[in-house]
Each structure stands twice: as C-alpha cells, then as structure tokens.
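Quick notes on the structure that follows.
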Amino acid sequence: MDAAPEQPIRKGPPTFSVRLAAARKLAPAVRLLAFERVDGGPMVFEPGQWINLVLPLPEGDTRRAYSIASAPDGAGRFEVAVTRVEGGPGSSFLHDLDVGRELVAVGPQGFFTRPPLATHPSLFVGTGTGVTPLRSMIHAALAAGSATPMRLLFGTRTPEDVLFADELAALAARHPNFRAECTLSRAPESWTGRRGYVQEHVKELWQELAAGATEPVHVYVCGLQRMVGAVRDLVKADLGATRREIHSERYD
Ligand SMILES: Cc1cc2nc3c(=O)[nH]c(=O)nc-3n(C[C@H](O)[C@H](O)[C@H](O)COP(=O)(O)OP(=O)(O)OC[C@H]3O[C@@H](n4cnc5c(N)ncnc54)[C@H](O)[C@@H]3O)c2cc1C
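Take 1032 as the starting number for the sequence shown in this note's numbering and just add one per residue.
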C-alpha cells in the first residue's frame, strides 16, 4: 500500500508573553501602550501588521486585534494605540491595564503591509487609531531612506483627537518627500486646516502625487468600515485606481 502523501505542516503565528512597559494618553479616548516581549527576543513584523492580544476578561480569555503603531527596529518593544469604545470590554480593559502587567500576544498577522523601500508614490488615509499602521509604514520608509513622495491624510473629529501631531510635523520638516494633512469633521471656527471627511480630500492629494509620477499611486487606507469602503470606491471609480493599487484594513 502506498504511504499517505505528506501534508505540509501549517504553522500559526507565534504566541509569546508581553509586558506593558509604558502607557500614556494620546487623546481623550486613545491610550498609547508600549509592550515589550518578556523573553527579551526581538519583535519581528512588517510595517502595517497587527497583533492579537489575549485579554483575561471576567467572561473568559478574549482576543482583540491591534495594529502595531511603531516601526520594526529589531528591539523587543512595540506600540499599539487603543480607542476606548463605549461599553467595549476589550478596549476598556486595555485603558485600565497597569504598567508591569503581562498578557499573551499572538502574531504578527495581516497582509496590509508596505515594504519600506517601495518606490510607488503613496497616499496614506486613516481615521482615528486607523492612523497607527500608517505611522509604522511611514517611519519605516523614512528610516530606510525612501525618497518616494508620500502624503498622509488623517481624519478625526476635533483638534483634541489628532494623534502624533508634533511627531508628524517633525517628520515632514526633516523629509521633503513626506507631508501630513489633517482634516476635522467637527472643526472649531479657529481651525485653519482642512475640514470635513477624508473622502472630500482624497482626490486632490491623489492627483498631486500622480502628477509627473512614473509609477501608479498606491493608496493605503485604514479605519472603520464605512470610511474604508467609501475611499476604496472613490479611488476606483473616480481616479481609475486598480485593486492592486489599493490596500486596506478595517477595524469593524
Ligand atoms: C485587524 C484589526 C486591527 C485593529 N487595530 C486596532 C487598533 O490599532 N486600535 C484600536 O483601537 N482598535 C483596533 N481594532 C479594533 C479592536 O480589535 C477591537 O475591536 C476594539 O478595541 C473594540 O473592542 P471592545 O472589546 O472594546 O469592544 P467590542 O464590544 O468588541 O466592539 C464594539 C464595537 O466597537 C466598534 N469598534 C471597533 N474598533 C473601533 C475603533 N477603533 N473605534 C471606534 N469603534 C470601534 C465596532 O463596531 C465594534 O462592533 C482592530 C481590529 C482589527 C480587525
């Protein structure tokens, strides 16, 4: 009798323990958490990937996915930014988690990634904590010396909800190929920047990147489903972008 053909062993993403090393409030509803691997090993991931945290909730261990907000740098430390969702057990747990506590992590995971030295002009569109995987991609690209034109369009409600404002301004000042633009859906009168939803500004920034470019513009969009769907539809229908040129991640 013939032996059964060997099945390839499918390995899932690694499971390891992490410790909350530091945390700070980024915005009224957003907490930035810096975790480090307890085993001291490096945190290996691609910019844009996410990780599952196993949360010991009263109703049992519960997994929640979080985009890695920092860029890979060979160290064991990484950041995530968590929006506190009203009545949400996982995000509330992470907002109340004490520094020093340990959790189990599973990952990295996901295909919403961008190689740091990709040469296509890139438009990053994010709302709320959806900006975090884009932050990882942008830092990784600039740290690798990328000179490709990149624009970040970041949408929030009010000026208080804007994340990483000083950091993004400093990056733009050091790197002429990068610019960050913020649009507010509930802008106060004193706001001098863009207003309204990100969808209203995508076309202008995409056309700016496309002008004179030798490669098609790629769009990286992350946030809640409604915004992601609207931006995907817009760049496909109005700007003729192909599926290959649109990369997206949804949080709900
Ligand atoms: C691939 C992936 C990556 C993610 N990365 C992040 C991240 O970096 N930061 C982050 O805060 N969340 C992120 N999320 C969402 C996260 O996994 C949880 O869903 C979120 O923290 C809510 O969990 P909860 O237990 O508090 O509430 P639940 O009871 O599980 O969810 C309540 C509802 O909240 C809504 N919701 C989920 N996420 C958000 C959000 N960010 N803002 C507003 N409403 C939301 C959903 O509609 C959901 O049905 C990600 C989700 C996915 C699938």
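Note that beta-carbon positions come from the ideal geometry of N, C-alpha and C, so glycine has one too.
Local conformation of residue i per DSSP, three classes
i	result
Pro1190	helix
Arg1274	helix
Phe1143	coil
Arg1263	helix
Asp1092	strand
His1151	coil
Met1032	At Met1032, the pLDDT of 47 sits below 50, so the modelled position is not reliable; the number obtained from the coordinates is stated separately. Met1032: coil per DSSP, three-state reduction.
Ala1178	coil
Ala1136	strand
Ser1221	coil
His1206	coil
Ser1279	strand
Thr1160	helix
Glu1198	helix
Arg1226	strand
First through last residue of the beta strand (DSSP E) which encompasses residue i
i	result
Lys1056	Thr1046 to Ala1058
His1232	Per DSSP, His1232 belongs to no beta strand (DSSP E); it is in the alpha helix (DSSP H), Gln1230 to Ala1241.
Leu1063	Val1061 to Arg1068
Ala1112	Arg1108 to Thr1114
Nearest-angstrom Cβ-Cβ length linking residue i and residue j, presumed shorter than 8 Å
i	j	result
Leu1088	Phe1124	6 Å
His1206	Leu1154	The pair is not a contact, with the Cβ atoms about 16 Å apart (cut-off 8 Å).
Pro1059	Thr1093	Wrong, their Cβ atoms sit about 25 Å apart, outside the cutoff.
Pro1073	Gly1105	5 Å
Leu1134	Leu1084	5 Å
Gly1141	Cys1253	Not confirmed; about 11 Å, so no contact.
Arg1068	Gly1107	4 Å
Ala1100	Arg1182	19 Å between Cβ atoms; not a contact.
Straight-line Cα distance separating residue j from residue i
i	j	result
Glu1246	Ala1211	21 Å
Gly1131	Phe1109	15 Å
Thr1144	Ala1178	18 Å
Gln1256	Ser1279	10 Å
Leu1236	Gly1091	45 Å
Pro1190	Leu1215	7 Å
Leu1202	Ala1102	14 Å
Pro1180	Ala1136	34 Å
Pro1152	Asp1197	23 Å
Val1111	Phe1076	13 Å
Arg1050	Leu1063	14 Å
Asn1208	Pro1146	17 Å
Val1116	Ala1175	35 Å
Arg1226	Val1266	20 Å
Asp1070	Phe1047	8 Å
Asp1127	Leu1057	14 Å
Val1233	Ile1082	28 Å
Phe1185	Glu1220	19 Å
Val1250	Arg1274	10 Å
Arg1188	Arg1095	24 Å
Closest residue to residue i among the options (Cα-Cα distance)
i	options	result
Pro1045	Val1156, Arg1281 and Gly1138	Gly1138
Arg1263	Ser1048, Glu1239, Thr1150 and Glu1231	Glu1231
Arg1217	Tyr1228, Phe1209 and Asn1208	Tyr1228
Gly1276	Val1248, Ala1261, Asp1283 and Asp1070	Here residue 1276 turns out to be Glu, not Gly, going by the sequence shown. The shortest Cα separation from Glu1276 among Val1248, Ala1261, Asp1283 and Asp1070 belongs to Val1248.
Tyr1282	Tyr1097, Arg1055 and Gly1118	Tyr1097
Ala1052	Glu1077, Asp1129 and Asp1070	Asp1129
Ala1242	Ala1261, Leu1270 and Leu1064	Leu1270
Gly1159	Thr1150, Thr1114, Leu1086 and Gly1224	Thr1114
Met1168	Gly1186, Thr1187, Arg1188 and Leu1199	Leu1199
Gly1079	Arg1095, Gly1161 and Thr1150	Gly1161
Leu1148	Arg1095, His1170 and Ala1261	His1170
Element boundaries [alpha helix (DSSP H), containing residue i]
i	result
Ala1100	No alpha helix (DSSP H) holds Ala1100; DSSP gives it neither H nor E.
Gly1254	Looking at the DSSP string, Gly1254 is not in any alpha helix (DSSP H); the run it does join, the beta strand (DSSP E), is His1249 to Gly1254.
Phe1124	Pro1120 to Asp1127
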